[in-house]
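Before any comments, here is the structure.
Numbering (full-length UniProt numbering), first residue to last: 1 to 635.
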């Protein structure tokens, strides 16, 4: 069992084959059994603080384990507690039962959970449909048919009625197919090319692309491909095109880049790899696909993500309610069970028969224009950094931190704010924050007019009506460089953070001064160097519980002041795993060890790259620069 606090950990070699995954599904589901309500239609895992009502939250906890249990049953796996879900399904859909879930309304959380019920009926009718009485079947069918009339949110939610339709098809319940065909057409309109979707008519190109848009599309391709072959083939082709890009989001140890919303769904991040197998799409060789999924699960098994009773917690690398979105209830993390879809395949399937391969060698930089991102990896792939310049989503709690920071890391994660006063509460890692009074800060929240090409990203953002910031991000692995052209009508204080480093291990050495802030510890190395001068280094001790991976962090930060006018800021940031070869001799027991700090890219090199970026038709560097960091004669 995964511990609830740091301590002895489960061996990472424990998930190596299909039998291990079958065991893990049961290990995750068994702690739920004592939490069922008397009528079995509700799972009560703790207080619900989401924006949907308690009944919907308890339905969510009931339904989401089926993402793993239904494939387990379809593949012949044993599970001792099907009677609980079967009785609950009958009670929850019976309007005369005290535990009735209520009708599914427009944009209702109940509609979200119907997708898991649809898949369960499609894959495991012998467990959830066949044993029901005729009256119980009629009530369940009526409830699901009524759900088909509910209006989904115009994004991946359009797939939920489609999933219900797949379940109704399997159990022989007739329904009008035309609305679902229209929903599928709408979903396909979100295709961006190159295997990428947007999650609706918006800027989201996050994990909802792999674990929702592609995931449901691949299920549809497998279960409805004989009836809708042309659409099924398009879903398969897009998934095959997406896989080569998506593999760059994972480090060689299986960690995915923490980025965007719904991170509490945890190993759903890797569900795409299993969905490829389920739909028979060999986008990469099966040994590589299998490796991507199993490494990812093993990485999660080494994290304290379950409480002492074995229940998945709300959070990412540990129980962290501060990270939660307003739609996260205690059962929300069980979307992670989506990773177990390939258990529906027999043990002899090529995916299971393949010998898992280590992570493939990949280029140091992958620019992905559809996502407005560039991904960098170090030499052995242990550290992946995602540079972001396009996405934003300020409806979700901490949306600016989850989408609009400049960099996101598999080793250092990212941080969400704990308050509005000061740098410690703001936890401004991997962003530039601006302030009028030195206490209340505004980071980048809504990037606009992005471009991405050859490892260079560009965007603009406007924190006040009379302040415009133009930002370039350059992927110069293992460094990334940030250049900001600031036009301001007011005096501003600035604070630009590097990565947030776990501060619990004693640092080997650290340093601050004119133009630099550095922190080197067993938890990682982080350096930020001012390339233009004028700023001073500091080590900001962020409030505890702000970072998604480490409970207590320090953020190397550059600070400075700007008068009204136009200015050019530039810095280079390095984040690395415990890698003494990058920093020289770190063997000294004293924090001020004698090793040389790594040298950042020269400003002249950066300026030349940005000029070349402009020559390729993108927004380039201002035409003339003065030596004091202000910009003149800007293009």
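Cβ coordinates follow ideal geometry from the N, Cα and C atoms, glycine included.
Query raised in the report: Going along the chain, which residues of its own chain have a beta-carbon closer than 8 Å to the beta-carbon of residue 450, five neighbours each way excluded?
Result: 372, 389, 390, 457, 458, 459
Report task. Note the first and the last residue of the continuous beta strand (DSSP E) segment covering residue 496. Result -> 492-497
Query raised in the report: Since residue 603 contacts residue 570 with CB under 8 Å, what's their CB separation in whole angstroms?
Result: The pair is a contact, with the Cβ atoms about 6 Å apart (cut-off 8 Å).
Query - Cβ neighbours of residue 131 in the same chain (closer than 7 Å, five flanking residues each side left out) - result: 86
Query - Coarse secondary structure for residue 129, derived from DSSP in three states - result: Note: residue 129 maps to coil in three-state DSSP.
Query - Counterpart residues of residue 468 in DSSP-defined beta bridges - result: Bridge partners of residue 468: 487.
Query raised in the report: What number of angstroms, rounded off, separates the C-alpha of residue 635 from the C-alpha of residue 487?
Result: No answer about residue 635 holds up, because its pLDDT of 29 lies below 50 and its placement is not dependable.
Query - Alpha-carbon spacing of residue 427 relative to residue 578, whole angstroms - result: 23 Å
Query raised in the report: With a CB to CB cut of under 6 Å and the five nearest residues on each side skipped, what residues in its chain are close to residue 462?
Result: 468
Query - Spatially closest choice to residue 135 from 419, 99, 413, 91, by CA coordinates - result: 91
Query raised in the report: Under the three-state reduction of DSSP, which class applies to residue 594: helix, strand or coil?
Result: Low confidence applies to residue 594: its pLDDT is 45, below 50, so where it sits in the model is not reliable enough to give any reading.
Report task. Let me know the secondary structure DSSP gives residue 140 once reduced to three states. Result -> helix
**Report entry** Validate contact between the region 304-315 and the region 234-242 using beta carbons, cut 8 Å, 3 pairs
**Finding:** no
Report task. Report buried or exposed for residue 540, applying the criterion of at least 16 other Cβ atoms within 10 angstroms of its Cβ. Result -> buried
Query - Straight-line Cα distance separating residue 365 from residue 671 - result: Lying before the first or after the last residue shown, residue 671 is absent from the chain, which here runs from 1 to 635.
Query raised in the report: What residue range is occupied by the uninterrupted beta strand (DSSP E) comprising residue 114?
Result: From DSSP, residue 114 is part of no beta strand (DSSP E) but of the alpha helix (DSSP H) over 109-123.
Query - Same chain only: Cβ atoms within 7 Å of residue 160, ignoring 5 sequence neighbours per side - result: Excluding positions up to five away in sequence, the list reads 111, 112, 114, 115, 152.
Query raised in the report: Can you tell which of 395, 280, 550, 147 has its C-alpha closest to the C-alpha of residue 344?
Result: 280
Requested in this report: Determine, using beta carbons only, whether residue 382 and residue 191 come nearer to each other than 9 Å.
Outcome: no
Query - Check whether residue 270 and residue 204 have beta carbons under 9 Å apart - result: Result no, Cβ atoms of residue 270 and residue 204 do not sit closer than 9 Å.
Query raised in the report: So what does DSSP say about residue 79, is it helix, strand or coil?
Result: coil
Query - Alpha-carbon to alpha-carbon, residue 215 and residue 201 - result: 19 Å
Report task. Check whether the Cβ atoms of residue 558 and residue 528 lie closer than 9 Å to each other. Result -> Yes, the pair counts as a contact, with Cβ atoms nearer than the cut-off.
Requested in this report: Pair every Cβ in the region 28-43 with every Cβ in the region 347-358, then say whether three or more of these pairs are closer than 8 Å.
Outcome: no
Report task. Output the boundary residues of the alpha helix (DSSP H) element that contains residue 318. Result -> For residue 318, no alpha helix (DSSP H) run applies, since DSSP gives it neither H nor E.
Query - Straight-line Cα distance separating residue 277 from residue 455 - result: In a straight line, the C-alpha of residue 455 is about 31 Å away from that of residue 277.
Query - Nearest to residue 208 (by Cα), restricted to the options 533, 265, 568 - result: 265
**Report entry** Inter-stretch contact (C-beta, 8 Å, three-pair minimum) for the region 239-252 and the region 311-322
**Finding:** no
Report task. Going by CA-CA distance only, name the one from 497, 453, 491 that's closest to residue 614. Result -> 453
Query raised in the report: For residue 440, which residues of its own chain have a beta-carbon under 8 Å away from its beta-carbon, when the five flanking residues on both sides are left out?
Result: Excluding sequence neighbours, residue 440 sits near 420, 421.
Query raised in the report: First and last residue of the alpha helix (DSSP H) that includes residue 224?
Result: 215-224
Requested in this report: Inspect the beta-carbon positions of residue 475 and residue 429 and report whether they are closer than 9 Å.
Outcome: no
Query - Short Cβ contact (9 Å threshold) for residue 14 with residue 301 - result: Taking a C-beta distance under 9 Å as the contact criterion, residue 14 and residue 301 qualify as a contact pair.
**Report entry** Beta-carbon proximity of residue 483 to residue 386, cut-off 9 Å
**Finding:** no
Query raised in the report: Would the beta-carbon of residue 537 fall within 9 Å of that of residue 556?
Result: yes
Query - Straight-line Cα distance separating residue 274 from residue 18 - result: Each residue's Cα considered, the two are about 12 Å apart.
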